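Q: Here it is: the structure, laid out below.
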Ligand code: NDP
Ligand code: ZN
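In my numbering, the protein residues as written are 19 to 370.
This is how it looks when you write it as structure tokens:
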């Protein structure tokens, strides 16, 4: 077994702290990665604090991982020592079912194995530990290549925030001639703006934060609506083809549904916890044939696609680098919406 240094939550209420744990000895199909950067997703907070239920402790969060290949097994053909690679939100799936065969491992009928807070149920039954750590061992099918053109410090969030916003935009064919609203200007939201713009759509940010208006425009948003301003919300009635909703907590969907044209689509990516939202008014869907849909990250092939797309279009994340030791303060700031727009941990600098 490999002894690995990391940072873990030991319960839903304890702050994260240094933690040493074991990873499996690399197998023939494994890539061993020296982690350099690890993005901080709001899902890390939800799970470290058991906001979705079923959290397993100790938990080493982190599913936006960039690192250098330190070793490869004898069957690994795609990668060699020294390559810059990434690992996102999944590390295994059954590889046999219809979803896996369609490159939709995130919807694996047997249940995909998350990068942390899971169990390697298709191999050794060891717990999964994520990217807030110095090393990870992952089967080659769940490793992606980081294009040379991407700045590696700011590329880590593409592995979750990027793919989660890109995938539904592609699936629903968002592009030229469409008006889309992106709700919540955080890690996911700011990437959603960049991809929607690159795909040719006209983009409006819905934010609670006046302080983000100027930056939203700098990042390419065509318009900004302050979502707490009823007059601005009313003026938006029936004007959008799509909404991309990244808000991480309960919120009333009805005002956003009413901002959709007929046949418009509201895409939920933010609220994974039980939807204790104020009820959706049936008429808001029925009278305009609107759709309310959800989307989970993206498959491995599409994760490679979004990395290549980002390199081609010069899209990177706006990141604030932090030290591993700063993680608890970073969580507090994210909850206040005070991050522009993704924290990335400098794992290379962490020596325990
Ligand atoms: P962030 O914390 O970076 O951003 C969320 C943004 O939502 C905030 O910046 C804020 O934007 C807005 N917001 C926060 N609190 C509220 C509130 N109380 N009411 C209204 N708006 C609020 O989170 P992430 O972007 O990392 O993640 C967003 C959500 O997406 C999380 O729930 C996460 O678990 C989920 N997620 C889903 C995935 C999927 O596959 N579907 C994958 C990854 C994450 P502003 O200040 O502009 O209002
Ligand atoms: Zn995430």
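By construction, the Cβ of each residue, glycine as well, lies at the ideal position given by its N, Cα and C atoms.
As the structure is a prediction and not an experimental result, all values here were calculated from the model.
Please specify which runs of the beta strand (DSSP E), each continuous and at least 3 residues long, are wholly inside the stretch 253-337, giving them in chain order.
A: As far as the stretch 253-337 is concerned, its whole beta strand (DSSP E) runs of at least 3 residues are 258-263, 278-286, 309-312.
Q: With distances taken Cα to Cα, identify the nearest neighbour of residue 218 among 287, 191, 98.
A: If we check each option's Cα against that of residue 218, 191 comes out closest.
Q: Collect the residues with a C-beta less than 5 Å away from any heavy atom of the ligand ZN and give them in sequence order along the chain.
A: So the residues near the ligand ZN by this Cβ test are 59, 61, 178.
Q: Considering only the alpha carbon of each residue, which of 88, 109, 108 lies closest to residue 99?
A: For residue 99, the nearest C-alpha among the options comes from 88.
Q: Would the beta-carbon of residue 242 be found less than 7 Å away from any heavy atom of the ligand NDP?
A: Outside the cutoff, so no.
Q: Would you call the stretch 136-147 and the stretch 173-183 in contact, with 3 or more CB pairs under 8 Å?
A: As far as the Cβ criterion goes, the stretch 136-147 does not touch the stretch 173-183, which means the pair count is below three.
Q: Decide yes or no for the touch test of the stretch 38-51 against the stretch 322-339: beta carbon pairs closer than 8 Å, at least 3 of them.
A: The stretch 38-51, when compared against the stretch 322-339, does not touch it at the 8 Å Cβ threshold.
Q: Using 8 Å as the Cβ pair cut-off and three pairs as the minimum, do the stretch 301-318 and the stretch 337-353 touch?
A: No: the two stretches stay apart, fewer than three of their Cβ pairs being nearer than 8 Å.
Q: Taking its Cβ as the centre, do 16 or more other Cβ atoms sit within 10 Å of residue 119, making it buried, or is it exposed?
A: It is exposed - the Cβ of residue 119 has fewer than 16 other Cβ atoms within 10 Å.
Q: For a test of the three-state rule: what should DSSP assign to residue 183, helix, strand or coil?
A: The answer is helix: DSSP assigns residue 183 an H, G or I state.
Q: Determine the DSSP secondary structure at residue 147, reduced to helix, strand or coil.
A: Three-state result, residue 147: coil.
Q: Can you tell me whether residue 32 is helix, strand or coil according to DSSP?
A: Residue 32: coil per DSSP, three-state reduction.
Q: Which whole-angstrom value describes the C-beta separation of residue 153 and residue 20, a residue pair presumed to lie in contact below a C-beta threshold of 8 Å?
A: Confirmed, about 6 Å.
Q: Just list the residues that DSSP pairs residue 76 with in beta bridges.
A: DSSP, once it has assigned bridges, lists no residue as partnering residue 76.
Q: Could you tell me the distance, in whole angstroms, from the CA atom of residue 227 to the CA atom of residue 91?
A: Approximately 49 Å, taken between the alpha carbons.
Q: According to DSSP, is residue 346 part of a helix, a strand, or is it coil?
A: Helix.
Q: Find the nearest neighbour of residue 246 within the set 126, 269, 53, 256, judged by alpha-carbon distance.
A: When only C-alpha atoms are compared, the closest one is 269.
Q: Indicate whether residue 107 and residue 138 have their beta-carbon atoms separated by less than 8 Å.
A: Against a cut-off of 8 Å, the Cβ pair of residue 138 and residue 107 comes out as no contact.
Q: For the stretch 48-56 and the stretch 263-283, state whether three or more C-beta atom pairs, one from each stretch, are separated by less than 8 Å.
A: Judged by Cβ distances under 8 Å, the stretch 48-56 makes no contact with the stretch 263-283, as fewer than three pairs qualify.
Q: Quick check: is any heavy atom of the ligand NDP less than 7 Å from the C-beta of residue 230?
A: Flag set: Cβ of residue 230 near the ligand NDP.
Q: Going by the C-beta, is residue 321 closer than 7 Å to any heavy atom of the ligand NDP?
A: The answer is no for residue 321.
Q: Hey, how far is the Cα of residue 297 from the Cα of residue 166?
A: Roughly 47 Å between the two C-alpha positions.
Q: So what does DSSP say about residue 96, is it helix, strand or coil?
A: It is coil, neither helix nor strand.
Q: When the Cβ atoms of the stretch 55-72 are set against those of the stretch 122-130, are three or more pairs found closer than 8 Å?
A: Contact fails: fewer than three Cβ-Cβ distances are below 8 Å.
Q: Give me the Cβ distance between residue 197 and residue 220, rounded to the nearest whole Å; I'm assuming they're in contact under 8 Å.
A: The pair is a contact, with the Cβ atoms about 5 Å apart (cut-off 8 Å).
Q: Are residue 76 and residue 27 closer than 8 Å when you measure CB to CB?
A: In contact: residue 76 and residue 27 (Cβ atoms closer than 8 Å).
Q: Taking C-alpha atoms, which residue in 164, 253, 160, 264 lies nearest to residue 209?
A: For the residues 164, 253, 160, 264, the minimum Cα distance to residue 209 belongs to 264.
Q: Taking Cβ to Cβ, would you say residue 104 is nearer than 8 Å to residue 53?
A: The answer is no: Cβ separation not under 8 Å.
Q: Excluding the 5 residues flanking residue 116 on each side, which residues of the same chain have their C-beta closer than 8 Å to its C-beta?
A: Around residue 116: 127.
Q: Sorry if obvious, but does the Cβ on residue 67 come closer than 7 Å to a heavy atom of the ligand COA?
A: The model depicted lacks the ligand COA and carries the ligand NDP and the ligand ZN instead.
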